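The sequence shown runs 1 to 399 under the UniProt record's numbering.
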Amino acid sequence: MKNKPIRQETEKSIPQLKKQNKMPRSSSLQGFDEERAAQYTHTILNNMGDSVFVKDDQSRLLLVNDAFCEIFGLPRSEIIGRTLAEQVSPEERESFLKIDGQVLEDGIENINEETLTVGNQTRIISTRKSRFIDGNGNKFLVGVIRDITAHKKTRKDLEESEAKFKELNATKDKLFSIIGHDLRNPFNNILVLSELLTDSLKMVDPTTCKQYIELINSTAKNTLLLLENLMGWAQTQTGQIQYYSEKINLSNTIEEIVKLSNSIAATKKISLNHVESETIEIYSDEKLLKTVLRNLISNAIKFTHPGGNIDIILASQPNQIEICISDNGVGMDEETSNKLFTANTKSTSKGTANEKGTGFGLILCKEFVEKLGGTIWVESELDKGSNFKFTLPLKKNDK
1 MKNKPIRQET EKSIPQLKKQ NKMPRSSSLQ GFDEERAAQY THTILNNMGD SVFVKDDQSR
61 LLLVNDAFCE IFGLPRSEII GRTLAEQVSP EERESFLKID GQVLEDGIEN INEETLTVGN
121 QTRIISTRKS RFIDGNGNKF LVGVIRDITA HKKTRKDLEE SEAKFKELNA TKDKLFSIIG
181 HDLRNPFNNI LVLSELLTDS LKMVDPTTCK QYIELINSTA KNTLLLLENL MGWAQTQTGQ
241 IQYYSEKINL SNTIEEIVKL SNSIAATKKI SLNHVESETI EIYSDEKLLK TVLRNLISNA
301 IKFTHPGGNI DIILASQPNQ IEICISDNGV GMDEETSNKL FTANTKSTSK GTANEKGTGF
361 GLILCKEFVE KLGGTIWVES ELDKGSNFKF TLPLKKNDK
């Protein structure tokens with residue numbers, strides 16, 4: 001709210017001017033009679049985009065322009081001589097008139113924003129009120145009402161666009177970091193392991209050779225998953241991702257991903273279990289769903305101690321299915337949980353076997369789950385494991 005003193009005086013009161021139809025004469029009005037001057041003044045007021053009004057010291061309206069009648073949806077016959085307080089509930093009437101009384105009392109200009117509902121239309125208006133004192137000491141309120149609904153909407157849209165831009169910019173920075181560093185490291189590991197295997201093939205026993213090969217295999221799979229995540233994210237940001245809704249057997253889809261993930265889990269002797277349930281069929285995009293499952297299971301393996309357990313559990317609900325990837329790993333605190341599905345974090349924690357990661361897969365999971373019509377969240381306690389849960393609609397989702 002802005003406040004500044006304003007005091008205006010004139011030789012005649014507003015009712016006198018209105019009654020006598022007289023206007024102050026200036027050099028620019030030479031040659032115009034008083035009636036024509038008054039007509040010009042009314043024409044100017046009625047062509048203003050803003051609503052203009054004059055009230056007496058009892059807050060009764062004495063003069064309004066066409067824009068005022070339009071914004072309140074009332075004819076002049078129902079406005080002149082009445083107060084706008086009559087349009088509000090008795091409980092609000094006192095506070096409604098309080099501002100008028102304050103401006104009349106101290107002469108401090110008042111600017112106020114409020115929501116106005118007329119019929120089925122809601123507008124945001126800004127009202128500016130000033131005190132006017134005539135030569136006889138009579139006090140009046142002169143005000144202007146501006147409809148700022150469009151301005152507020154534009155401002156809100158700009159703020160939302162700015163927030164979205166910042167989020168995308170943060171994700172872009174993370175993307176380049178992954179390409180420049182995290183995507184290079186796995187290839188270096190594969191090269192080093194393969195060179196060791198080649199140079200020492202005759203000297204290394206079969207058990208060690210098998211370990212090298214398993215490490216190469218798991219590193220290659222993780223790198224491929226990371227690359228697929230990067231490509232998937234890029235497609236979502238450019239609107240190129242396609243959604244195909246088809247009838248799928250959820251248990252079969254989960255079992256397929258579990259088998260693919262078992263080789264990585266085996267390197268840490270982690271038990272990966274799909275808790276069987278009745279056959280559940282849903283309409284969804286199997287490709288996007290598999291990407292979500294691969295990422296969540298891979299993340300669980302990373303943060304579960306060797307010899308630990310990971311369970312995939314399904315829970316049917318009235319209109320959706322809830323899928324939970326539960327581990328007994330390191331868990332996390334609330335602050336970490338709140339940042340998991342955003343690109344704002346600069347770094348990610350290492351896994352229980354010092355595995356490196358980017359956290360980018362969880363960002364993609366959130367986007368894909370929402371694309372599939374569900375929601376995703378995590379329930380976790382430090383040193384007590386984590387439950388990553390997401391829902392999918394049972395009925396066809398035509399996004």
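Idealized CB from N, CA, C, for every residue including glycine. Every value quoted in this text rests on a predicted model; they were computed, and no experiment measured them.
A residue is called buried once 16 or more other Cβ atoms fall within 10 Å of its Cβ, and Asn136, having fewer, is exposed.
Per DSSP, the continuous alpha helix (DSSP H) segment holding Phe360 begins and ends at Phe360 to Lys371. Boundaries of the beta strand (DSSP E) around Asp311: Asn309 to Ser316. DSSP places Pro206 within a helical segment (H, G or I) once states are collapsed to three. When Pro90, Glu70, Glu105 and Ile108 are compared, the shortest CA-CA separation from Leu116 is found for Glu70.
Residue Ser263 holds the alpha-carbon nearest to the alpha-carbon of Ala220 among Ile254, Ser263 and Thr253. In the three-state scheme derived from DSSP, where H, G and I count as helix and E and B as strand, Arg36 is classed as helix. With respect to Thr122, Asn112 sits apart: the two C-beta atoms are not nearer than 7 Å. Under DSSP, the beta-bridge partners assigned to Ser380 are Ser386. Taking C-beta atoms as the reference points, Glu379 and Asn387 count as a pair closer than 7 Å. Shown here, Leu62 sits in a strand according to DSSP, grouped into three states. Under the 8 Å Cβ criterion, the segment 204-219 does not count as touching the segment 243-250, having fewer than three qualifying pairs. The three-state reading of DSSP puts Thr198 in helix, counting H, G and I together. Contact check between the segment 140-151 and the segment 39-54: three or more CB pairs, one atom from each, fall below 8 Å, which counts as touching. Taken through DSSP and simplified to helix, strand or coil, His42 comes out as helix. Counting along the chain, Lys302 sits inside the alpha helix (DSSP H) bounded by residues Glu286 to Lys302. Between Gly331 and Ile270, the CB-CB gap reaches or exceeds 7 Å.
DSSP places Val142 in the uninterrupted beta strand (DSSP E) bounded by Lys139 to Asp147. Rounded to the nearest whole angstrom, the C-alpha separation of Glu276 and Leu392 is 18 Å. In the assembly as shown, Leu191 is an exposed residue. Its beta-carbon has fewer than 16 other beta-carbons within 10 Å. Between Ile280 and Ile254, the C-beta gap is not smaller than 7 Å, which leaves the two residues out of contact. Between the alpha carbons of Glu94 and Arg82 lies a distance of about 15 Å. Out of Ile310, Leu289 and Asp333, the CA that lies nearest to the CA of Gly361 is found in Leu289.
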